[in-house]
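Trainee:
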Amino acid sequence: MSHESTVPDELGRPAVGASEVPEPGAVTIVVPTFNESGNVRRLLHLITESVPARLPCEVVFVDDSTDDTPDVIREAAPDCPFPVTVLHRDEPAGGLGGAVVEGMKAAGSDWIVVMDGDCQHPPSLVPELVATGERANAGLVVASRYIKGGSRAGLAGSYRLAVSRAATWLTKALFPRRLHGISDPMSGFFAIRRSEVTAEVLKPLGYKILLELAVRSRPQAVAEVPFVFEERFAGESKSTAQEGLRFLRHLAGLRTTSPLARMVAFGLIGLSGFVPNLAALWALTEAGVHYLPAEIVANQFGVAWNFLLLERLLFRDRRRHRHWADRTLRFGLIANADLVLRIPLIALLVGEFGLTVLPATALALVITFVLRFAGTEALVYLPRRRRTARTARSEA
Ligand SMILES: Nc1nc2c(ncn2[C@@H]2O[C@H](COP(=O)(O)OP(=O)(O)O)[C@@H](O)[C@H]2O)c(=O)[nH]1
Ligand SMILES: [Mg+2]
1 MSHESTVPDE
11 LGRPAVGASE
21 VPEPGAVTIV
31 VPTFNESGNV
41 RRLLHLITES
51 VPARLPCEVV
61 FVDDSTDDTP
71 DVIREAAPDC
81 PFPVTVLHRD
91 EPAGGLGGAV
101 VEGMKAAGSD
111 WIVVMDGDCQ
121 HPPSLVPELV
131 ATGERANAGL
141 VVASRYIKGG
151 SRAGLAGSYR
161 LAVSRAATWL
171 TKALFPRRLH
181 GISDPMSGFF
191 AIRRSEVTAE
201 VLKPLGYKIL
211 LELAVRSRPQ
221 AVAEVPFVFE
231 ERFAGESKST
241 AQEGLRFLRH
251 LAGLRTTSPL
261 ARMVAFGLIG
271 LSGFVPNLAA
281 LWALTEAGVH
291 YLPAEIVANQ
301 FGVAWNFLLL
311 ERLLFRDRRR
321 HRHWADRTLR
331 FGLIANADLV
341 LRIPLIALLV
351 GEFGLTVLPA
361 TALALVITFV
371 LRFAGTEALV
381 YLPRRRRTAR
391 TARSEA
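144 is the number that the working numbering gives to position 144 of the sequence shown; each next residue is one higher, with no gaps.
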């Protein structure tokens with residue numbers, strides 16, 4: 001890898017030739033930076049002090065800064081006894097997660113350690129993370145604030161402490177199996193074997209990179225090493241309340257990748273739709289509307305409620321395949337077809353299959369629910385296959 005490359009190719013990564021065989025037992029330290037000019041010199045100094053004597057290393061900064069962070073790194077690089085690369089991105093695709101993916105693609109060593117650029121993660125731990133991975137034959141080694149010997153001394157204030165604790169608890173509760181043995185899934189400090197960095201790992205990552213790695217493509221063996229989360233050396237944290245909301249949405253997205261989990265979420269949202277439906281029914285009948293038209297109108301309130309929640313929570317990332325008016329119309333039709341279909345279906349179950357009314361109604365509810373879910377997935381939010389062909393034709 002070149003000593004310094006500031007212009008990545010069009011895929012945003014430097015060319016890594018076949019001749020560049022990674023050194024065995026070496027580490028690539030990937031550092032995402034956003035306006036860390038006050039920290040990077042000290043970080044490189046700390047790495048110089050504690051890593052190369054114990055483990056051959058290179059450092060790859062993936063930088064989205066608007067300040068002079070890349071210049072400061074370039075000035076400090078010649079003093080380092082290891083290669084330092086800066087990949088500056090003018091278009092910071094994917095933010096922090098995108099930056100880590102770029103760094104992993106550029107890494108040339110057997111091991112990759114991801115760490116923050118603000119000196120909250122002690123570089124002296126880098127050789128130990130890798131050594132632990134080698135010893136335990138693990139694919140992933142997490143630096144944890146939550147096991148004996150670790151702490152969150154640097155989390156400024158009880159508010160951030162409480163938020164961090166609640167987020168960790170919620171995350172562990174949502175993924176008990178996948179995160180088994182990972183006490184600190186929100187840690188931004190971890191080592192991963194390059195052989196574990198598959199195409200699945202390199203899919204765009206969101207905000208909490210480690211969490212996503214563990215949930216989506218968890219390596220077979222995982223080890224942990226305690227660490228003390230230090231105070232930030234200089235500058236300000238980029239974490240905001242907005243990032244917190246993004247994280248919650250992200251968590252919902254991760255949790256609902258399997259069709260079964262999505263169906264459960266779809267059902268829960270559907271159940272919540274009873275509230276606006278019944279409220280509207282009550283208001284309309286109170287206002288003197290006959291109950292039959294009131295039922296039909298009230299149903300639209302439930303449908304609208306469900307649609308809004310589904311759009312915001314469940315199908316957030318799949319909205320782009322169709323225009324919003326198209327999605328609204330299709331969803332409205334599917335949701336109302338359900339009402340029209342249910343009575344004939346109950347009649348069929350009772351008349352043809354000899355069920356009594358209650359089981360027939362229950363079965364019809366289940367069948368129409370599954371049909372509604374499948375219909376919504378397939379007819380409202382599935383990518384349209386012929387779309388590219390059609391666009392290409394219309395552009396030609
Ligand atoms: N490349 C890149 N790095 C980022 C971005 N956002 C944050 N970072 C870096 O990610 C690391 C952690 O961010 P920080 O603000 O310290 O988060 P905190 O430790 O949770 O307060 C730091 O090195 C930041 O400079 C981003 O959008 N792009
Ligand atoms: Mg920080």
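Quick reminder that beta carbons are idealized off the backbone N, C-alpha and C, glycines included.
(1) For V84, write down the residues that DSSP places opposite it in a beta bridge.
(2) Compare the C-alpha of P70 against each of C57, F82, E58 and D90 and name the closest.
(3) Anyone know if the C-beta pair for C57 and T85 falls short of 9 Å?
(4) For the alpha helix (DSSP H) that contains F247, what are its first and last residues?
(5) Which same chain residues end up closer than 6 Å to P22 when comparing Cβ atoms and leaving out the 5 residues on each side of it in sequence?
(6) Per DSSP, what kind of secondary structure is I182 in: helix, strand or coil?
(7) As a quick check of your reading: which residues have a C-beta less than 6 Å from at least one non-hydrogen atom of ligand 2, in chain order?
(8) I need the DSSP call for P22, collapsed to helix, strand or coil.
(9) Quick one: is I112 buried, meaning 16 or more other Cβ sit within 10 Å of its Cβ, or exposed?
(10) Just to confirm my understanding: we take D67, look at its own chain, exclude 5 residues before and 5 after, and list those with CB closer than 7 Å. What are they?
(11) Could you pull out every unbroken beta strand (DSSP E) segment of at least 3 residues lying fully inside the region 119-197, listed in chain order?
(12) Specify whether the region 332-340 and the region 372-384 touch according to this definition: at least 3 beta carbon pairs, one from each stretch, less than 8 Å apart.
(13) Let me know the secondary structure DSSP gives T361 once reduced to three states.
(14) Determine the burial state of K208: buried for a count of at least 16 other Cβ atoms within 10 Å of its Cβ, exposed for fewer.
(15) Is the beta carbon of D63 within less than 8 Å of some heavy atom of ligand 1?
(16) Identify whether P32 lies in helix, strand or coil by the three-state DSSP scheme.
(17) For the alpha helix (DSSP H) that V264 lies in, which residues bound it at each end?
(18) Residue range of the alpha helix (DSSP H) that P293 falls in?
(19) Going by alpha carbons, who is nearest to A138 out of E224, G94 and M186?
(20) Tell me I112's beta-bridge partners as DSSP assigns them.
(21) I want to check one thing, is the minimum distance from the CB of S239 to the heavy atoms of ligand 1 below 8 Å?
(22) Among the candidates L281, V350 and G206, whose CA atom is the shortest distance from the CA of H250?
Mentor: So, to answer that:
(1) According to DSSP, V84 shares a beta bridge with V59.
(2) Of the listed residues, the one whose Cα sits closest to P70 is D90.
(3) No.
(4) For F247, the enclosing alpha helix (DSSP H) covers residues A241 to R255.
(5) The pLDDT assigned to P22 is 49, lower than 50, so where the model puts this residue is not dependable, and the model offers no usable value.
(6) The answer is coil: DSSP assigns I182 none of H, G, I, E or B.
(7) Going by the Cβ distance cut-off, the answer is D116, D118, Q120, R232 and S237.
(8) Residue confidence is low: P22 scores 49 on pLDDT, short of 50, so the model does not pin down where it sits. Its coordinate-derived value is still stated next. Of the three classes helix, strand and coil, the one that applies to P22 here is coil, per DSSP.
(9) By the 16-neighbour rule on beta-carbons within 10 angstroms, I112 is buried.
(10) The residues are N35 and S37.
(11) Listed in chain order, they are 140-144 and 190-193.
(12) The answer is yes - the region 372-384 touches the region 332-340, with three or more Cβ pairs under 8 Å.
(13) In the three-state DSSP reduction, T361 falls in the helix class (H, G or I).
(14) By the 10 Å Cβ count, K208 comes out buried.
(15) Yes, Cβ of D63 sits closer than 8 Å to a heavy atom of ligand 1.
(16) Strand.
(17) Start and end: P259 to S272.
(18) Unbroken alpha helix (DSSP H) run through P293: Y291 to L309.
(19) When only C-alpha atoms are compared, the closest one is E224.
(20) Looking at the DSSP assignment, I112 forms a beta bridge with T28 and I192.
(21) Checking the Cβ of S239 against ligand 1 gives yes.
(22) Cα-wise, what sits closest to H250 is G206.
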